[in-house]
Amino acid sequence: MPRATPPAASPETAPSLVGREYEVEIGPVAHGGHCIARTEEGRVLFVRHALPGERVVAKVTEGREDSRFLRADAVEILEPSKDRVEQPCPFAGPGLCGGCDWQHAAPGAQRRLKASVVAEQLQRLAGLTAEDVGWDGTVEPAPGDKVPKGEVPAWRTRVHYSVDDEGRAGLLRHRSHEVQPIDRCLIAAPGVSELGVEKREWPQIATVDAVAATGSGDRQVVLTPRPGGRLPLVELDRPVSVLRAEESRGARGGERTVHRVHGRPFVRERAVGRTWRISAGGFWQVHPKAADLLVEAVMTGLTPRKGEMALDLYCGAGLFAGALAERVGEKGAVLGIESSGRAVEDARHNLADLDRVRVERGNVEQVLPRTGITEADIVVLDPPRSGAGRKTVRQVAGLGPRRIAYVACDPAALARDLAYFREEGYVPHFLRAFDLFPMTHHVECVAVLKPAEKRS
Numbered sequence: 093m094p095r096a097t098p099p100a101a102s103p104e105t106a107p108s109l110v111g112r113e114y115e116v117e118i119g120p121v122a123h124g125g126h127c128i129a130r131t132e133e134g135r136v137l138f139v140r141h142a143l144p145g146e147r148v149v150a151k152v153t154e155g156r157e158d159s160r161f162l163r164a165d166a167v168e169i170l171e172p173s174k175d176r177v178e179q180p181c182p183f184a185g186p187g188l189c190g191g192c193d194w195q196h197a198a199p200g201a202q203r204r205l206k207a208s209v210v211a212e213q214l215q216r217l218a219g220l221t222a223e224d225v226g227w228d229g230t231v232e233p234a235p236g237d238k239v240p241k242g243e244v245p246a247w248r249t250r251v252h253y254s255v256d257d258e259g260r261a262g263l264l265r266h267r268s269h270e271v272q273p274i275d276r277c278l279i280a281a282p283g284v285s286e287l288g289v290e291k292r293e294w295p296q297i298a299t300v301d302a303v304a305a306t307g308s309g310d311r312q313v314v315l316t317p318r319p320g321g322r323l324p325l326v327e328l329d330r331p332v333s334v335l336r337a338e339e340s341r342g343a344r345g346g347e348r349t350v351h352r353v354h355g356r357p358f359v360r361e362r363a364v365g366r367t368w369r370i371s372a373g374g375f376w377q378v379h380p381k382a383a384d385l386l387v388e389a390v391m392t393g394l395t396p397r398k399g400e401m402a403l404d405l406y407c408g409a410g411l412f413a414g415a416l417a418e419r420v421g422e423k424g425a426v427l428g429i430e431s432s433g434r435a436v437e438d439a440r441h442n443l444a445d446l447d448r449v450r451v452e453r454g455n456v457e458q459v460l461p462r463t464g465i466t467e468a469d470i471v472v473l474d475p476p477r478s479g480a481g482r483k484t485v486r487q488v489a490g491l492g493p494r495r496i497a498y499v500a501c502d503p504a505a506l507a508r509d510l511a512y513f514r515e516e517g518y519v520p521h522f523l524r525a526f527d528l529f530p531m532t533h534h535v536e537c538v539a540v541l542k543p544a545e546k547r548s
């Protein structure tokens, strides 16, 4: 039932419903960190800070009378779920930090919610069940992330802080450019927290990127000044490299230009027995266990053999290419393709001792046909959140690989691409899902595919 009257709207638009409250029963979880509910008159609400089965008062945060759906926050819990816990972070909740979605859910419940989302996306977008993809229906925690109710694993090795007009560091509110100042981020890895970014003021700075590399002890802060702003004298709680970033509008790929102020312009990560150079702004898995965990899952699925031809598409700094090269041996070959110029330089540096690896720069769908490669034995795809897309899927399938490993950070994009692969004659062999982003709605999946006619 409605609980309040929305503010008046201008004649040119449908009346706004922002601020109206509804008492509703919460339905299933939906992709994106919210649950679905319906008002008595049948309006669809996407409600944050709620859990399936609860009865809550939901306050509309976005939407008008003519909107297809409304967004809302659960501002009062009338009948709580047994999976609800008191959120550990004081900055989580309606109208506050938008970084975490499930602080109010027990850790096991978070993984069940994520599993439901993966299953729903596979069914809705690809017509696939858990059995169809060889998945046990669970989301696996990363090693060391099993924590009691009410506690938070400190896993995030890279944190992007925004700075408000008063120079205070914080995180953005949900679907907003407004900054929520914080004094500590509970999911930040210890190395990030030790930098003390939240404890000092950042005059004339727009954003602060803090990095704590895994295994090397390297720490890095990348500062982006406001237009016309100057860098402050940086005195943090431990030795750290400092870099200055600025938007480079004319750069290929839209990359930021980064200038070294103090220390190294990169950090060193340790994974799969190697050291990896990652330049400022370059991609690396955020969870400290993610790189090793994903390589293990991918290699188990691909079972690389000596002498094989392997592709690592969207190869970043070369993580999977390096693991493949070790396994295909000196008579094998690995081609990596990556669009980021900095990442390509890092990958070539990181894999310089492996002469059987070649790394090319450019968009996968444009570069792959130009390589002259007509066949490949095994392929890894680790595309951006938007997925690989139909054209790239068709190109990969046309190479006739015996196994394909698809690493996905978005289950919707994964499901769409699995449907494309099925059209090209490839079906899932197995799928694993990992909770590499605790407290958030994000989930990482590894799907291994095989030609449909082969049953081995």
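In my numbering, each residue's number is its place in the sequence shown (first place is 1) plus 92.
Glycine is no exception: its CB is placed at the ideal position from the N, C-alpha and C atoms.
- Who are the Cβ neighbours of P357 in its own chain at under 8 Å, not counting the five residues just before and after it? Around P357, the same chain offers S333, L335, V350, S371, A372 as residues with beta carbons nearer than 8 Å, after the five sequence neighbours per side are excluded.
- Task: State the beta-bridge partners of L315 as determined by DSSP.
- Result: In the DSSP secondary-structure assignment, L315 is bridged to V300, R336.
- Is the region 408 to 420 touching the region 369 to 389 in the sense that three or more CB pairs, one from each, lie closer than 8 Å? Taking 8 Å as the limit for Cβ pairs, the verdict is that the region 408 to 420 does touch the region 369 to 389.
- Item | T532 burial status per 10 Å Cβ neighbour count (16 or more: buried) | Per the 10 Å Cβ criterion, buried.
- Classify A343 as helix, strand or coil using the three-state DSSP reduction. The predicted position of A343 is uncertain, since its pLDDT is 39 and thus under 50; a value taken from the coordinates is nonetheless stated next. For A343, the three-state secondary structure derived from DSSP is coil.
- Message: By the three-class DSSP mapping on this structure, what secondary structure does E293 have?
- Response: E293: strand per DSSP, three-state reduction.
- Message: If you measure between the beta carbons of L386 and L416, is that distance less than 9 Å?
- Response: Cβ distance not < 9 Å, so L386 and L416 don't count as in contact.
- Task: Please name the residue, chosen from R348, V390, Q296, H354, that lies closest to V364 on a Cα-to-Cα basis.
- Result: The option with the nearest alpha carbon to V364 is V390.
- How should S432 be labelled, buried or exposed, when 16 other C-beta atoms within 10 angstroms of its C-beta is the threshold for buried? When all chains shown are included, S432 counts as buried.
- Query: What separation, rounded to the nearest whole angstrom, lies between the Cα atoms of G263 and G191?
  - Reply: At residue 263 the sequence reads Leu, which differs from the Gly that was named. Looking at the two C-alpha atoms, the distance is approximately 7 Å.
- In DSSP terms, what S254 is bridged to: Beta-bridge pairing links S254 to G262, T299.
- Task: State the Cα-Cα distance for the pair A511 and P530, rounded to the nearest angstrom.
- Result: Cα-Cα distance, rounded: 28 Å.
- With a CB to CB cut of under 6 Å and the five nearest residues on each side skipped, what residues in its chain are close to L473? Only L405, A480, Y498 meet the Cβ criterion.
- Message: For the region 223 to 230 against the region 504 to 522, do three or more pairs of beta-carbon atoms, one drawn from each stretch, fall closer than 8 Å, so that the two count as touching?
- Response: Touching, per the Cβ criterion.
- Query: Near E338, which residues of its chain fall below 6 Å by C-beta distance, leaving aside the five closest residues on each side in sequence?
  - Reply: Hits under 6 Å: T349.
- Buried or exposed for Y199, please, with buried defined as at least 16 other CB atoms from any protein chain shown within 10 angstroms of its CB. The question names Tyr, but residue 199 in the sequence shown is Pro. Result: buried.
- Between which two residues does the beta strand (DSSP E) harbouring T349 extend? DSSP places T349 inside the beta strand (DSSP E), whose first and last residues are 349 to 354.
- Residues near S478 by beta carbon distance below 8 Å, same chain, minus five either side: Sequence-distant Cβ neighbours of S478 in its own chain, meaning closer than 8 Å and more than five residues away, are D502, A505.
- Quick one: what's got a C-beta closer than 6 Å to L460's C-beta in the same chain, skipping five residues either side? Hits under 6 Å: Q487.
- Query: Rounded to the nearest angstrom, how far is the Cβ of D310 from that of R248, given a contact under 8 Å?
  - Reply: Contact flag wrong, Cβ pair sits at about 16 Å.
- Task: Measure how close the beta-carbons of R524 and E232 come, nearest whole angstrom, since I'm counting them as under 8 Å.
- Result: At roughly 7 Å, the Cβ-Cβ gap stays under 8 Å, so R524 and E232 are in contact.
- Message: To the nearest angstrom, how far is the alpha carbon of R462 from that of E430?
- Response: C-alpha separation (whole angstroms): 14 Å.
- Item | Same chain only: Cβ atoms within 8 Å of V209, ignoring 5 sequence neighbours per side | Taking V209 as the centre and dropping the five residues before and after it, the same chain places the C-beta of V121, A122, H123, P503, H533, V535 closer than 8 Å to its C-beta, in chain order.
- So A439 and G424 are in contact, right, with Cβ under 8 Å, and what is the actual spacing, rounded? That pair is no contact at about 17 Å.
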